[in-house]
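Residues 3 to 86 in this note's numbering are what the sequence shown lists, from first letter to last.
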Amino acid sequence: MSFLQTKTEAQLKKWNKLSLGAAIAILVLMIVAIGMSLFQISEEEESNWLPLLVPAILGPLTIIPLLFSSAISQELKKRKNVNL
């Protein structure tokens, strides 16, 4: 991923923290959804759609901010090595 040279390191660090925060928020949402699905299973409800929702939708959504954060971290390392 190519970042513009006009972005400062502070801006990149901010975006890195935001993307990691988004990944953590999605993981917390995934934990809540798993808990709700276990509750549905224990209550023997007819519609058990949450066990299908968690790995199919929330799993891949967690990976996107992590990939973005990884690209930002690599860019920050490149800039740090250039400045030395």
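Ideal placement from N, C-alpha and C gives every residue a C-beta, glycine not left out. Given the structure is predicted, the values throughout are model-derived calculations rather than measurements.
Can you tell me whether residue i is helix, strand or coil according to DSSP?
i, result
"Glu-45", "coil"
"Thr-10", "coil"
"Trp-51", "coil"
Throw me the rounded Cβ distance for the residue i and residue j pair, which I believe falls under 8 Å.
i, j, result
"Ile-36", "Leu-63", "Going by Cβ atoms, the distance from Ile-36 to Leu-63 rounds to 14 Å, so no, they are not a contact pair."
"Leu-69", "Leu-31", "Not confirmed; about 18 Å, so no contact."
"Leu-22", "Ser-71", "5 Å"
"Pro-67", "Ala-25", "4 Å"
Could you give the first and the last residue of the continuous alpha helix (DSSP H) run that contains residue i?
i, result
"Pro-62", "61–85"
Segment contact, 8 Å Cβ cut-off, at least three pairs: the region 40–55 with the region 9–17: In this structure the region 40–55 does not lie against the region 9–17, because fewer than three pairs of beta carbons, one per stretch, are closer than 8 Å.
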